[in-house]
Amino acid sequence: MTIADQVTGTPIAGTAGAKPAEAKPRAAAPAISLPAIGERELRLDLFRGLALWLIFIDHLPPSLLTWFTIRNYGFSDATEIFIFISGYTAAFVYGRAMLESGVVIATARILRRVWQIYVAHVFLFTIFLAEISYVATSFENPLYTEEMGIMDFLKQPDVTIVQALLLRFRPVNMDVLPLYIVLMLALPLILWSMKWKPDVTLALSVVLYAVTWEYDLYFSAYPNGFWAFNPLAWQLLFVFGAWCALGGARRMSRILASPVTMWIAIAYIVAAFYVTLTWYVPQLSHLMPKRLEQWMYPIDKTDLDVLRFTHFLALAALTVRFLPRDWPGLKSPWLRPLILCGSHSLEIFCLGVFLAFAGHFILAEVSGGAAMHALISLSGILIMWGVAWVISWYKRVADKSGAKTKNAVGNADLAGGG
Amino acid sequence: MKAKVLLSLILLCGVLAAPQARADDAAPAAAAVPPACELPSYLLSSESQLPKVAEAVKSGKPLEILVIGSRSTTIPSSEGSSYPARMEAILKEKLPPAEAVHVSVELQSKKSAEETAATFVKLMEAKRPTLVIWQTGTVDAIRAIDPDDFRGAVTEGVAALQNAGADVVLMNLQYSPRTETMISAQPFLDNMKVVAQEHDIPLFDRFAIMRQWNDQGQFDLFSPSRGPELAKQVHDCLGRALAQFVIDAAHVGPAQQQN
Numbered sequence: 000m001t002i003a004d005q006v007t008g009t010p011i012a013g014t015a016g017a018k019p020a021e022a023k024p025r026a027a028a029p030a031i032s033l034p035a036i037g038e039r040e041l042r043l044d045l046f047r048g049l050a051l052w053l054i055f056i057d058h059l060p061p062s063l064l065t066w067f068t069i070r071n072y073g074f075s076d077a078t079e080i081f082i083f084i085s086g087y088t089a090a091f092v093y094g095r096a097m098l099e100s101g102v103v104i105a106t107a108r109i110l111r112r113v114w115q116i117y118v119a120h121v122f123l124f125t126i127f128l129a130e131i132s133y134v135a136t137s138f139e140n141p142l143y144t145e146e147m148g149i150m151d152f153l154k155q156p157d158v159t160i161v162q163a164l165l166l167r168f169r170p171v172n173m174d175v176l177p178l179y180i181v182l183m184l185a186l187p188l189i190l191w192s193m194k195w196k197p198d199v200t201l202a203l204s205v206v207l208y209a210v211t212w213e214y215d216l217y218f219s220a221y222p223n224g225f226w227a228f229n230p231l232a233w234q235l236l237f238v239f240g241a242w243c244a245l246g247g248a249r250r251m252s253r254i255l256a257s258p259v260t261m262w263i264a265i266a267y268i269v270a271a272f273y274v275t276l277t278w279y280v281p282q283l284s285h286l287m288p289k290r291l292e293q294w295m296y297p298i299d300k301t302d303l304d305v306l307r308f309t310h311f312l313a314l315a316a317l318t319v320r321f322l323p324r325d326w327p328g329l330k331s332p333w334l335r336p337l338i339l340c341g342s343h344s345l346e347i348f349c350l351g352v353f354l355a356f357a358g359h360f361i362l363a364e365v366s367g368g369a370a371m372h373a374l375i376s377l378s379g380i381l382i383m384w385g386v387a388w389v390i391s392w393y394k395r396v397a398d399k400s401g402a403k404t405k406n407a408v409g410n411a412d413l414a415g416g417g
Numbered sequence: 000m001k002a003k004v005l006l007s008l009i010l011l012c013g014v015l016a017a018p019q020a021r022a023d024d025a026a027p028a029a030a031a032v033p034p035a036c037e038l039p040s041y042l043l044s045s046e047s048q049l050p051k052v053a054e055a056v057k058s059g060k061p062l063e064i065l066v067i068g069s070r071s072t073t074i075p076s077s078e079g080s081s082y083p084a085r086m087e088a089i090l091k092e093k094l095p096p097a098e099a100v101h102v103s104v105e106l107q108s109k110k111s112a113e114e115t116a117a118t119f120v121k122l123m124e125a126k127r128p129t130l131v132i133w134q135t136g137t138v139d140a141i142r143a144i145d146p147d148d149f150r151g152a153v154t155e156g157v158a159a160l161q162n163a164g165a166d167v168v169l170m171n172l173q174y175s176p177r178t179e180t181m182i183s184a185q186p187f188l189d190n191m192k193v194v195a196q197e198h199d200i201p202l203f204d205r206f207a208i209m210r211q212w213n214d215q216g217q218f219d220l221f222s223p224s225r226g227p228e229l230a231k232q233v234h235d236c237l238g239r240a241l242a243q244f245v246i247d248a249a250h251v252g253p254a255q256q257q258n
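For the protein sequence lines, the chains are U and G, in the order given.
277 is the number that numbering that gives the first Met the number 0 gives to position 278 of the first sequence; each next residue is one higher, with no gaps.
86 is the number that numbering that gives the first Met the number 0 gives to position 87 of the second sequence; each next residue is one higher, with no gaps.
Here it is, written out as structure tokens:
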């Protein structure tokens with residue numbers, strides 16, 4: 000059900016030793032297996048790049064471009080793609096590290112990555128502080144005296160900043176990185192468990208998801224409330240991505256290839272599209288059975304509603320089926336910008352959040368209409384592409400100059416799941 | 000995401016109701032509404048009804064309206080121009096001259112829905128209104144209160160108001176583009192829609208209305224202006240829209256009464 004079902008790499012030598020005794024006889028492969036080194040799965044980069052663009056557009060105020068984002072056509076949105084691919088790539092890179100260098104070294108490398116993401120988050124928070132402080136001092140429209148109450152936290156920076164460093168105070172649109180940090184922190188455990196028994200790990204993840212729903216578990220936030228993306232629920236997508244990366248996808252390839260799966264996925268996507276359509280074309284809504292509505296709503300994003308998760312699965316199943324790994328279009332120059340952005344996702348994600356702040360700021364200061372809005376969206380995407388290109392260029396140059404940095408094992412940017 | 004259903008229902012209702020309304024009372028209404036206040040009719044219609052208001056107007060009893068709000072209910076230092084006052088004026092204009100309309104305002108600044116709802120029993124004993132317009136959500140959004148808790152609080156509040164014998168209209172947050180990156184309004188808007196739908200009460204979608212004005216260029220809500228002019232104009236339009244909304248939901252407009 001993933002983007003890498005047809006990964007054809009060979010299992011790593013040495014995995015065989017770790018193979019659990021009851022590995023299915025049909026799959027003579029070890030418990031986990033990885034594609035060959037050096038193969039870059041362009042579809043992962045492509046869709047992660049797409050997710051980054053969509054997240055950027057969704058963070059801007061609504062405009063014409065917003066209609067191109069997938070959340071308008073079904074239940075799931077770019078966040079699902081992003082977290083799934085992040086789980087996939089993280090498991091791919093650090094799973095290999097764990098098999099080759101051992102648990103301790105892999106854990107150390109994961110923690111280093113967590114630190115990078117954390118620093119990126121704090122950097123974005125600083126930018127947010129600058130923006131909000133500016134607005135607080137320059138904007139005194141009496142219409143919005145109440146909304147200005149949001150600035151109250153500036154009155155106690157001691158508490159606020161410490162809470163932000165603890166990831167408990169998170170401004171709007173800054174929820175994804177903390178989620179990712181927590182998921183990455185859990186990654187050593189996930190990988191260690193996957194190395195032992197991937198299916199059991201996935202089952203445990205499902206259990207945790209179910210328990211989270213049943214007992215309403217959550218991460219508390221400051222000043223109150225909870226995390227907008229509950230890591231206890233969203234881990235399911237991340238672990239599922241990891242499971243797919245470590246051989247699950249291949250074992251599922253028969254299911255994925257079956258026309259039954261395809262038609263179920265199509266039917267579900269069409270149904271979801273129809274439901275979404277009723278949100279925008281109200282004439283259709285009287286065709287929706289009231290009981291179905293009551294059962295279905297609300298579709299909860301915080302706890303990764305089952306409807307969202309299955310919608311993502313259906314999309315992924317169809318993607319894998321109709322977009323083969325060796326699809327020539329992946330090499331086309333038209334998709335190059337997306338793939339470039341997707342392959343430097345942490346940097347480009349942070350840039351996207353920053354550009355969304357900047358875009359808001361420009362819209363507020365210059366007070367632009369639709370044309371300005373479109374201009375900001377497009378230039379934001381161009382900037383993301385340009386910066387991704389520069390990073391690639393720099394990496395290439397750096398790799399050339401120091402052969403010792405060229406290290407397939409240390410290909411951290413593949414895992415760069417920002 | 001969630002609860003777009005009610006919105007859709009409102010939209011649908013608007014689409015169905017629009018031609019009829021237009022045919023009946025287009026002339027007087029169109030003449031009275033300033034161009035800046037114009038809104039598509041779906042934003043001013045609701046499928047839910049206000050039976051007690053309808054009954055009060057039909058039997059000629061005085062119409063007591065209580066607006067329970069927060070700081071955005073009013074304009075600092077010009078209460079007379081705030082939307083409750085404007086609504087009162089428009090209602091007096093549009094309802095039969097014999098109808099006594101009285102609007103009172105209960106401000107609960109910096110209180111969440113839960114804190115506000117806790118005062119409802121006493122408040123209703125003291126005021127005994129026919130209609131309560133409960134404007135809420137902003138403080139909860141600023142404090143990022145758990146949307147489920149918020150929904151629970153609004154549900155309890157609505158139940159308390161209904162038990163005290165009043166019709167209820169819910170009013171959601173303001174559209175505030177400047178603070179869009181700082182306040183996450185969507186979960187609160189969604190949950191208010193859900194509560195309105197569950198209790199079959201009208202929801203005055205202040206957020207969508209103000210966004211419509213901003214998007215159509217009638218008002219520049221990004222404006223950093225310090226003067227009260229913009230606020231006065233917006234509140235005037237909100238008051239008109241709210242009066243129209245109440246009249247439509249109660250079916251007590253001139254057109255409906257003839258039918």
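Even glycine gets a Cβ: it sits at the ideal position worked out from N, Cα and C.
Computed from a predicted structure; not experimentally measured.
Closest by CA to residue i, which one among the options?
i       : options                               : result
A355(U) : A202(U), Y179(U) and V171(U)          : V171(U)
H250(G) : P50(G), E37(G) and E228(G)            : P50(G)
D199(G) : K126(G), A125(G), S45(G) and V138(G)  : S45(G)
P61(U)  : I189(U), T136(U) and S376(U)          : S376(U)
A424(U) : M371(U), R335(U), V352(U) and S400(U) : This structure gives no information on residue 424(U), because the portion of chain U shown stretches from 0 to 417.
R239(G) : I208(G), G164(G) and Q161(G)          : I208(G)
Y41(G)  : A55(G), D139(G), L202(G) and L220(G)  : L202(G)
T115(G) : L172(G), V56(G) and V138(G)           : V138(G)
I382(U) : L337(U), W195(U) and S219(U)          : L337(U)
One question on the structure: do residue i and residue j come within less than 7 Å of each other, judged by their Cβ atoms?
i       : j       : result
I109(U) : P187(U) : yes
I132(G) : M170(G) : yes
Y221(U) : F168(U) : yes
A112(G) : T135(G) : yes
T318(U) : G73(U)  : no
L64(U)  : G341(U) : no
H234(G) : S80(G)  : yes
F119(G) : G151(G) : no
With a threshold of 16 other CB atoms inside 10 Å of the CB of residue i, please say whether the residue is buried or exposed.
i       : result
I182(G) : buried
A30(G)  : Caution is warranted here: a pLDDT of 43 is assigned to A30(G), below 50, making its placement in the model unreliable, and the coordinate value is therefore given only provisionally. Exposed, since its Cβ has fewer than 16 Cβ neighbours within 10 Å.
G86(U)  : buried
E364(U) : exposed
V161(U) : exposed
D166(G) : buried
R42(U)  : buried
Q215(G) : exposed
A453(U) : It is not possible to answer for residue 453(U), since the shown part of chain U is limited to 0 through 417.
G358(U) : buried
N140(U) : buried
E213(G) : In the sequence as displayed, the identity of residue 213(G) is Asn instead of Glu. With 16 or more other Cβ atoms within 10 Å, it is buried.
Q243(G) : buried
A25(G)  : Caution applies to A25(G), whose pLDDT of 38 falls short of 50 and renders its modelled position unreliable; the value that the coordinates give is listed next. That one is exposed.
E78(G)  : exposed
K60(G)  : exposed
Y133(U) : exposed
S331(U) : exposed
Just to make sure I have the definition right: I need the residues of chain A whose C-beta is within less than 7 Å of the C-beta of residue i. Which are they?
i      : result
P60(U) : Checking the listed chains, one finds no chain A in this structure; the protein chains it contains are U and G.
Residues of the segment 354-380 of chain U with a CB closer than 8 Å to any CB of chain G: list them in chain order, please.
-> A355, F356, H359, L362, A363, S366 and G368
Evaluate contact between the segment 312-319 of chain U and the segment 330-346 of chain U, counting only Cβ atoms and requiring at least three cross-stretch pairs below 8 Å.
-> no
Below 8 Å, can you find three or more Cβ-Cβ pairs linking the segment 92-99 of chain U to the segment 155-171 of chain U?
-> No: the two stretches stay apart, fewer than three of their Cβ pairs being nearer than 8 Å.
Contact between the segment 128-148 of chain U and the segment 205-220 of chain U: three or more CB pairs below 8 Å?
-> No contact exists between the segment 128-148 of chain U and the segment 205-220 of chain U.
Is the segment 65-78 of chain G touching the segment 87-107 of chain G, taking contact as three or more C-beta pairs under 8 Å?
-> yes
Looking at chain G, which residues of the segment 158-171 of chain U have a Cβ within less than 8 Å of any of its Cβ atoms?
-> P170 and V171
In the segment 228-255 of chain G, which residues sit with their C-beta less than 7 Å from some C-beta in chain U, listed in chain order?
-> L229, A230 and V233
When Cβ atoms are compared, which residues of the segment 220-242 of chain U fall closer than 8 Å to chain G?
-> A220, P222, N223, G224, F225 and A227
Along the segment 123-151 of chain U, what residues have a CB closer than 9 Å to any CB found in chain G?
-> F127, E130, I131, V134, S137, F138, E139, N140, P141, L142, Y143, T144, E145, E146, M147, G148, I149, M150 and D151
Interfacial residues, the segment 68-86 of chain G to chain U, with Cβ spacing under 7 Å | S69, R70, S71, I74 and P75
Compile a chain-ordered list of the residues in the segment 288-304 of chain U whose CB is closer than 7 Å to at least one CB of chain G.
-> E292, Y296, P297, I298 and K300
Give, in chain order, every residue of the segment 184-201 of chain G whose Cβ lies closer than 7 Å to some Cβ of chain U.
-> The residues in question are D189 and V193.
Taking a Cβ distance cut-off of 7 Å, strictly less, list which residues of the segment 140-153 of chain G are near chain U, in chain order.
-> If the cut-off is 7 Å between Cβ atoms, the segment 140-153 of chain G has I141, R142, A143, I144 and D145 near chain U.
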